[in-house]
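Colleague:
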């Protein structure tokens, strides 16, 4: 009886507790089907609403908007509704009671409803979130970083704090989506070292990425663009995600990806072909000017003659309807397409002429460059354009914009500047980068060379500016202490002035900062040496040394750039054999992301993990008498792997003498007791169709390899694809058992 009573009392307490946790208001809010029902509940229960009710109401209101297409959304109506204002007041009063997720979610939703950043609620939410930031989990922190990004606070101390928190917790991050959001928002406040760590972490997590979440890959591209870090392995992984999702990419997404690729100077032919086919099918769908311009910009540079003809024909019909920004996008794309349609060039110029007064200086420089490239012959337009450019130059204080304006003015007829324009240039010289100084020097030379009738005092001022440019250029180089920052200035520098006045000092600076040459910038400086045609043995030796040390981090596509200066300048570094051998081996690995199957590549990666790195595995190895084995590796007498490079073995190089079994002398290239192992993946073609019986060709190859001294491991496709080996761990264990257990010592 006592036990029954105790049980009864226990269940009664549980029942009572359960009923108390049921919240009728929350149920009502969650069951609402439109905004009016939410506002009705808020109006009738304002005094009863807790922080949970406020958070739930805001969440449901935003959910209604997300479920609508762009044309059906009524954000201004919701934002300006009296009961939405009541929710904002309640949120401000109760924010200290909110949990972290609710706090940041309300901030996120308020910004989605275009509540101004200077609104009292938004400011208080940001301050409260700042106070709690250290305790946020990374998902909440990533959403908070997006809220700051929405307010253009990319360079704020608070964004720096978020970057610091991520820096301290990076090893614990396991979700690439969360990491990608943080990466794209903190990119403006991080160091080069932290940038590399983020990229490496993203590459590590990319193997676990759900390919359907292509927005994660887009954010990674945006990060690489913002940080100017063209990391090809990660770019290629993102590209694979886009290719696998090509059927789900709409016009906006495709055009955005293509613009990112253009900015990153990344070109992938398979994606371009698929994108072109997808965009071509959209030509019959998008007829309004806004959508057509997006289609024109995305498809134009990829278009085949028939597609280009359709684009130009459609453009002629709607050119007069274009806005200022649409006309700008069109003319820049026509420049990229090398358009020869003189009628259309004149028409787009007339539209641009109408809007010239609204364009910013950067936009005017794009227009000028494009129309000069397209050979526009319209003296009235050119005259108006020149007048506007000069006006912007006189009033501008930003060195990079002044440099752009001077550059395009020099392209026009009568390229000279008046005295006020020259004074503006002179006033900002101490702030100028090397690329700006190079632009000014080129422009000054043009003015001096062509303006014979120009006023003497202005000509003299031109001539006096040149020594100042030299002095500031020397000063800039002598004060340089960061090689990557210097590269950002050097990559746009060219012309006689630089070669005659600054090239030698630039090479001295490169020698001084050569310890900062790494796998991330080695291709850039190799290309710079080729461009300048200047042989500096210390710099080239450093490039060779870094290449050997960091060869596995250098992308195969960058190897051509690394090798080029040594070839063109006919220079061999002291460690030439090791340098060229490392490059050949790295190139061979690329020939393999093209010649081996997906399963073979899977095995190749696993072998590298088991043996300690890709330099311990020789894929597609060529043996004496012309056999090619899928993978070759070497084990010493204690069954420890030996690096092929350390053995002085050049990939795919035929030995001078045939090997024989049980021969471990200097002719075999192996230390005493070492064993060559050939690992072969046998697909269905190696077996009879009706039974798992090895065919003669594969059996004979195994015998011949064993005569040559190999231990041969053959992996049948049925074993590899069996249910027992359906996970990576199982495959790795299977390989280990076969690689080490049966090797002859």
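Residue numbers (our numbering): 188 to 932. Where is the CB? At the ideal position from N, CA and C, for every residue including glycine.
Near residue 273, what residues of its chain come up, given a Cβ to Cβ distance below 7 Å and the 5 sequence neighbours on each side ignored?
Modeller: Taking the first residue of the chain shown as position 1, residue 273 is located at position 86. Answer for residue 273: 229 and 233, listed in chain order.
Colleague: Identify, in the order they occur along the chain, each residue of the same chain with its Cβ nearer than 6 Å to the Cβ of residue 439, setting aside the five sequence neighbours on each side.
Modeller: As a working note, residue 439 is residue 252 in the chain shown. Cβ within range, chain order: n/a, list empty.
Colleague: Would you check if the region 410-423 and the region 362-371 touch, i.e. whether three or more CB-CB distances between them fall below 8 Å?
Modeller: Touching, yes, given that three or more Cβ pairs across the two stretches are closer than 8 Å.
Colleague: Assess contact between the region 348-363 and the region 309-320, defined as three or more Cβ pairs (one per stretch) separated by less than 8 Å. Is contact present?
Modeller: Touching, yes, given that three or more Cβ pairs across the two stretches are closer than 8 Å.
Colleague: Three or more C-beta pairs closer than 8 Å, one from the region 791-805 and one from the region 868-886: is that the case here?
Modeller: No, the region 791-805 is not in contact with the region 868-886.
Colleague: On the DSSP bridge assignment, give the partners of residue 419 in chain order.
Modeller: Here residue 419 refers to the residue found at position 232 of the chain shown. Answer is none; residue 419 lacks a bridge partner.
Colleague: Compare the Cα-Cα distances from residue 935 to each of 924, 480 and 226 and report the closest residue.
Modeller: It is not possible to answer for residue 935, since the shown part of the chain is limited to 188 through 932.
Colleague: Locate the alpha helix (DSSP H) running through residue 863, then write down its first and last residues.
Modeller: As a first step, residue 863 is located in the chain shown; it is residue number 676 there, counting from the start. Residue 863 -> not in any alpha helix (DSSP H); beta strand (DSSP E) instead, spanning 862-869.
Colleague: Return helix, strand or coil for residue 269, following the three-state DSSP convention.
Modeller: Position 82 of the chain shown, counted from the first residue, corresponds to residue 269. DSSP places residue 269 in helix when its eight states are reduced to three.
Colleague: Tell me the DSSP bridge mates of residue 176?
Modeller: Given that the chain is displayed from residue 188 to residue 932, the structure contains no residue 176 and the question cannot be resolved.
Colleague: Where are the alpha helix (DSSP H) runs, 4 residues long or more, that stay fully inside the region 358-390, in chain order?
Modeller: Listed in chain order, the complete alpha helix (DSSP H) runs (minimum 4 residues) inside the region 358-390 are 363-373.
Colleague: Going by alpha carbons, who is nearest to residue 544 out of 520, 534, 517 and 573?
Modeller: Here residue 544 corresponds to residue number 357 of the chain shown, with the count starting at 1. The residue with the shortest Cα to Cα distance from residue 544 is 573.
Colleague: Which two residues bound the contiguous beta strand (DSSP E) that contains residue 302?
Modeller: For the purposes of this step, residue 302 is identified with residue 115 of the chain shown, where counting begins at 1. No beta strand (DSSP E) holds residue 302; DSSP gives it neither H nor E.
Colleague: Starting from residue 704, follow the alpha helix (DSSP H) in both directions and report where the run begins and ends.
Modeller: Here residue 704 refers to the residue found at position 517 of the chain shown. Unbroken run through residue 704: none, as it is neither H nor E.
Colleague: Compute the Euclidean distance between the alpha carbons of residue 841 and residue 815, then round it to the nearest angstrom.
Modeller: Sequence index remark: in the chain shown, residue 841 carries index 654 (1-based). Sequence index remark: in the chain shown, residue 815 carries index 628 (1-based). Summary for residue 841: the model assigns pLDDT 40, below 50, so the residue's position carries little reliability; its value from the coordinates is reported in the next sentence. Answer to the nearest angstrom: the Cα atoms are 11 Å apart.
Colleague: Using 8 Å as the Cβ pair cut-off and three pairs as the minimum, do the region 510-524 and the region 450-470 touch?
Modeller: Flag = no, the region 510-524 and the region 450-470 do not touch.
Colleague: How would you call residue 259, buried or exposed, if buried means at least 16 neighbouring beta carbons within 10 angstroms?
Modeller: Sequence index remark: in the chain shown, residue 259 carries index 72 (1-based). With fewer than 16 other Cβ atoms within 10 Å, it is exposed.
Colleague: Could you work out which residue in 894, 287, 452 and 921 is closest to residue 907 when comparing CA atoms only?
Modeller: Stepping through the chain shown from its first residue, residue 907 is reached at position 720. If we check each option's Cα against that of residue 907, 921 comes out closest.
Colleague: Look at the Cβ atom of residue 593, then the Cβ atom of residue 632, and state whether they are nearer than 8 Å.
Modeller: To locate residue 593, count along the chain shown from 1; it is residue 406. To locate residue 632, count along the chain shown from 1; it is residue 445. Not closer than 8 Å, so no.
Colleague: Who does residue 874 pair with in a DSSP beta bridge?
Modeller: Along the chain shown, read from residue 1 onward, the residue named residue 874 stands at position 687. Note: residue 874 sits in a beta bridge opposite 881.
Colleague: Would you kindly work out how many angstroms separate the C-alpha atoms of residue 901 and residue 525, rounded to a whole number?
Modeller: Residue mapping note: residue 901 aligns to position 714 of the chain shown, counting from 1. Residue mapping note: residue 525 aligns to position 338 of the chain shown, counting from 1. Straight-line Cα distance between these residues: approximately 55 Å.
Colleague: Is it true that the region 451-467 meets the region 426-441, where meeting means three or more beta-carbon pairs spaced less than 8 Å apart?
Modeller: Contact holds: three or more Cβ-Cβ distances are below 8 Å.
Colleague: Please name the residue, chosen from 693, 478 and 374, that lies closest to residue 385 on a Cα-to-Cα basis.
Modeller: Here residue 385 corresponds to residue number 198 of the chain shown, with the count starting at 1. Nearest C-alpha to residue 385: 374.
Colleague: May I ask you to list the residues that DSSP assigns as paired with residue 819?
Modeller: The sequence position of residue 819 within the chain shown is 632, counting from 1. 805 and 865.
Colleague: Please classify residue 829: does DSSP put it in a helix, a strand, or coil?
Modeller: Your numbering for residue 829 matches position 642 in the chain shown. Residue 829 falls in the strand class under three-state DSSP.
Colleague: Can you check whether the CB of residue 277 is closer than 8 Å to the CB of residue 236?
Modeller: Here residue 236 refers to the residue found at position 49 of the chain shown. Here residue 277 refers to the residue found at position 90 of the chain shown. Contact: yes.
Colleague: I need the DSSP call for residue 560, collapsed to helix, strand or coil.
Modeller: Numbered from its first residue, the chain shown carries residue 560 at position 373. Here residue 560 sits in helix by DSSP.
Colleague: Starting from residue 355, trace the alpha helix (DSSP H) in both directions and tell me its first and last residue.
Modeller: As a first step, residue 355 must be located in the chain shown, where it is residue number 168. Here the alpha helix (DSSP H) through residue 355 covers 344-356.
Colleague: Decide if residue 504 is buried, meaning its Cβ has at least 16 other Cβ atoms within 10 Å, or exposed.
Modeller: Here residue 504 refers to the residue found at position 317 when the chain shown is read from its first residue. Classification for residue 504: exposed.
Colleague: In angstroms with no decimal places, state the Cα-to-Cα distance between residue 406 and residue 305.
Modeller: Position 219 of the chain shown holds residue 406. Position 118 of the chain shown holds residue 305. Spanning the two alpha carbons is a distance of roughly 27 Å.
Colleague: Just to confirm, is the Cβ distance from residue 752 to residue 731 under 8 Å?
Modeller: If you number the chain shown from 1, residue 752 lands on position 565. If you number the chain shown from 1, residue 731 lands on position 544. Taking 8 Å as the Cβ cut-off, residue 752 and residue 731 do not qualify as a contacting pair.
Colleague: Go through the region 677-739 residue by residue and report every complete run of the alpha helix (DSSP H) that reaches 4 residues or more, in order.
Modeller: The qualifying runs are 690-699, 709-719 and 724-736.
Colleague: Between the Cα of residue 548 and those of 580, 705, 496 and 245, spot the shortest distance and give me the residue it belongs to.
Modeller: Here the question's residue 548 lines up with position 361 in the chain shown. Looking at the Cα atoms, 580 is the closest of the given residues.
Colleague: Using a Cβ-Cβ cut-off of 7 Å (strictly less than) and excluding sequence neighbours within five positions of residue 742, which residues of its own chain qualify?
Modeller: In the chain shown, counting from the first residue as 1, residue 742 sits at position 555. Excluding residues within five positions, the ones whose Cβ falls inside 7 Å are 419 and 420.
Colleague: Since residue 531 and residue 558 are thought to touch, with beta carbons under 8 Å apart, how far apart are those beta carbons, to the nearest angstrom?
Modeller: As a working note, residue 531 is residue 344 in the chain shown. As a working note, residue 558 is residue 371 in the chain shown. That pair is no contact at about 12 Å.
Colleague: When the Cα of residue 669 is compared with those of 379, 268 and 884, which residue comes out closest?
Modeller: Position 482 of the chain shown, counting from 1, holds the residue named residue 669. The residue with the shortest Cα to Cα distance from residue 669 is 379.
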